[in-house]
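If you count by numbering that gives the first Met the number 0, then the sequence shown holds residues 0 to 454, one letter each, in order. Just so you know, even glycine gets a beta-carbon here, dropped at the ideal spot from N, CA and C. On a predicted model such as this, the values are computed, not experimentally measured, just so you know.
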Amino acid sequence: MEFVNILEKQRAFLKSGTTIDYKYRVKYLKKLRSAILNYNDKISEALHYDLGKSVTEAYMTEIGLVLDDIRYQLKHLKKMVKPRPVKTPVAQFKSKSFRYPSPYGNVLIIAPWNYPFLLSLGPLVGAISAGNTVMLKPSEFSEKTSAVIKEMLDGVFESEYVYTVLGDSKVAEALLKEKYDYIFFTGGTKIGKIVYKCASENLTPVTLELGGKSPVIIDKTAKIDLAAKRVVFGKFLNCGQTCVAPDYILVHNSVKDEFINHLIKWVKHMYKDALINDQYGHIINERHFNRLVSYIEKDKVAFGGRSDISSLKIEPTILYPVDKNIKAMQEEIFGPILPVLTYDTTEEMLNIIEEHRTPLALYLFTTNKEMEKKILSSVSFGGGCINDTIIHLATSEMPFGGVGNSGIGGYHGKYSFYEFSHYKSIVKKANWLDLPMRYAPYTKGKEKMIKKFLK
């Protein structure tokens with residue numbers, strides 16, 4: 000395949016040291032930013048075709064976030080590329096210690112279809128900021144957006160620097176047979192495990208951005224109307240096809256009726272006539288559409304439930320009352336279907352969450368600080384929000400990533416630079432002083448001095 004020859008060229012280009020130059024990185028970040036601005040309309044049109052995203056949603060959740068990340072890298076890169084000094088033990092006098100950032104080298108990025116622009120370009124920005132070359136494989140399911148990405152990137156980068164490979168799962172399998180210095184994968188846990196296994200053959204470090212069943216907890220002290228509003232925003236954005244979307248609700252029995260009423264109110268307000276609403280997206284393809292429709296148990300539908308295969312649209316659907324045994328609770332939903340379960344005790348609620356361990360996100364709505372402390376200390380999850388949903392992933396000063404089955408590693412902002420950099424630990428020793436106690440032959444006096452320093 001063509002990419003094999005290009006990968007060899009990328010390795011040679013990396014050895015030239017060109018990508019390490021600070022000015023070179025800045026030059027191409029600026030070129031990429033200009034290209035995105037020029038391609039803004041094409042990108043929006045492609046996202047609308049692939050996923051039904053409105054112009055506003057396309058910019059807010061994809062294009063704008065990539066531009067903001069480039070802005071962040073340009074603002075902070077000069078500082079990030081410098082060695083980071085650290086304290087040196089007295090026993091190593093006279094020395095200075097520092098961590099020296101180096102690119103891993105040749106990076107493979109495999110991106111998903113649900114946010115095809117953001118999740119292709121976001122990791123790419125981090126990789127080139129850190130001085131790497133990149134082989135990018137966008138998803139074949141978001142075909143129009145992937146084609147626009149390739150056209151745009153081919154106009155910005157030489158293939159020896161960044162190359163975009165289009166194709167299906169067989170192409171991805173072929174890519175994974177090659178050796179890379181770093182692999183960055185976003186997608187489902189099942190495929191993530193395959194990527195991890197392939198990477199292990201060469202001991203290649205990875206970032207795995209996966210998924211899981213992300214719970215929402217509605218405590219009895221929550222501001223119910225606001226909680227419902229923010230849940231609807233986070234759940235039905237991109238038609239529920241968001242890795243950190245609320246997957247199911249756990250609402251305290253004492254506020255369940257009030258919460259359901261407000262939930263339905265806000266769905267009606269935000270997504271009126273969803274099946275013909277241009278601001279409401281559609282499912283990526285028929286396979287996922289049919290999978291999602293199979294979760295809709297008619298006798299459990301409190302709101303919504305209708306679908307149209309010709310437009311691949313499914314109404315925002317609330318399943319209530321339900322228990323943990325329904326089909327929709329057996330795997331990550333990844334669509335506009337929201338099961339609502341109830342609980343009486345914190346222990347009962349935690350036991351349900353434990354059945355779907357280490358979710359990518361968790362959302363807690365409460366005004367009780369003890370409840371806040373209990374959840375944060377008791378549940379293992381990637382990240383999340385208190386009294387909101389999904390906004391934690393759009394913060395440049397915090398890494399976004401999973402834990403356990405929901406992933407390995409994290410990125411965004413400065414953490415993208417860190418994720419794609421290997422930090423060499425360096426001690427630089429002075430030549431004018433050479434303390435004798437570390438050298439043989441050892442005496443009682445030397446032993447005494449060593450014990451004074453090391454204790």
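Which first and last residues belong to the alpha helix (DSSP H) in which residue i is found?
i	result
K228	I223 to F235
K149	E142 to V155
S376	K368 to S377
I108	Unbroken run through I108 is the beta strand (DSSP E), N105 to I109; no alpha helix (DSSP H).
F258	K255 to M269
P84	Per DSSP, P84 belongs to no alpha helix (DSSP H); it is in the beta strand (DSSP E), R83 to V85.
A393	Neither: A393 is in no alpha helix (DSSP H) and is coded neither H nor E.
I127	L117 to S128
A11	E1 to K14
M448	K443 to F452
E490	The displayed coordinates of the chain run from 0 to 454. Any statement about residue 490 would go beyond what the structure contains.
E196	The sequence as given places Lys at residue 196; Glu does not occur at that position. Element bounds for K196: T188 to S199.
So residue i is in the beta strand (DSSP E); what residue range does that whole segment cover?
i	result
Y99	S94 to P102
E418	Counting along the chain, E418 falls outside any beta strand (DSSP E), though it belongs to the alpha helix (DSSP H) covering K413 to E418.
Y247	Y247 to H251
C384	G382 to I385
I216	P214 to I217
R356	Neither: R356 is in no beta strand (DSSP E) and is coded neither H nor E.
R70	Not the beta strand (DSSP E): R70 falls in the alpha helix (DSSP H), residues G63 to M79.
T341	I336 to Y342
L207	V205 to E208
V463	No information on residue 463 is available, as it lies outside the stretch 0 to 454 that the chain covers here.
A301	V300 to F302
K136	T132 to K136
Judging by CA-CA distance, which residue of the options is the nearest neighbour of residue i?
i	options	result
T60	T241, Y23, I216 and E314	T241
E369	L432, C238, F380 and D218	D218
L31	S379, K450 and K149	K149
A226	F452, C384 and T55	C384
L274	I283, S377, S306 and K428	S306
I69	A45, L117 and I42	L117
A45	P102, Y71, V147 and I19	V147
G104	V161, D343, I317 and E371	V161
V80	A439, A221, H421 and R437	H421
T330	S33, S145, V231 and P358	One detail in the question is off: residue 330 reads as Glu in this sequence, not Thr. It is P358.
S455	K22, S94 and M151	Nothing about residue 455 can be reported from this structure: the residues present for the chain run from 0 to 454 only.
K288	S310, E157 and G381	Correcting the residue type first, residue 288 is Phe in the shown sequence and not Lys. When only C-alpha atoms are compared, the closest one is S310.
A244	N252, D277 and K234	K234
V194	Y417, S168 and S213	S168
R356	M328, H268 and N404	N404
K74	Y21, P84 and V89	Y21
I295	Y319, D272, E285 and I283	Y319
E347	I336, K323 and N367	K323
L56	L434, N237, L453 and S415	Strictly speaking, residue 56 in this sequence is Glu, with Leu absent from that position. The candidate whose alpha carbon is nearest that of E56 is N237.
Where residue i and residue j are concerned, what is the direct C-alpha to C-alpha distance, given to the nearest angstrom?
i	j	result
V205	L375	26 Å
I42	Q9	27 Å
F183	I108	5 Å
G334	R229	17 Å
S96	P82	10 Å
E354	S379	12 Å
G409	L209	11 Å
V54	K143	15 Å
K178	M134	12 Å
V155	N131	16 Å
G63	Q278	18 Å
V106	Y181	5 Å
V25	A429	34 Å
I248	L202	39 Å
T316	I308	16 Å
I35	G121	12 Å
W265	A11	56 Å
Please tell me whether, using a cut-off of 7 Å, the distance from the CB of residue i to the nearest non-hydrogen atom of the ligand NAP is below it.
i	result
S395	By its list of ligands, the structure shown contains no ligand whatsoever, and the ligand NAP lies outside what it can speak to.
For the putative contact between residue i and residue j, defined by C-beta atoms under 8 Å, what is the C-beta separation to the nearest angstrom?
i	j	result
T87	V426	7 Å
V339	I259	7 Å
Whole runs of the alpha helix (DSSP H) within the stretch 23-59, excluding any shorter than 4 residues: 39-50 and 54-57
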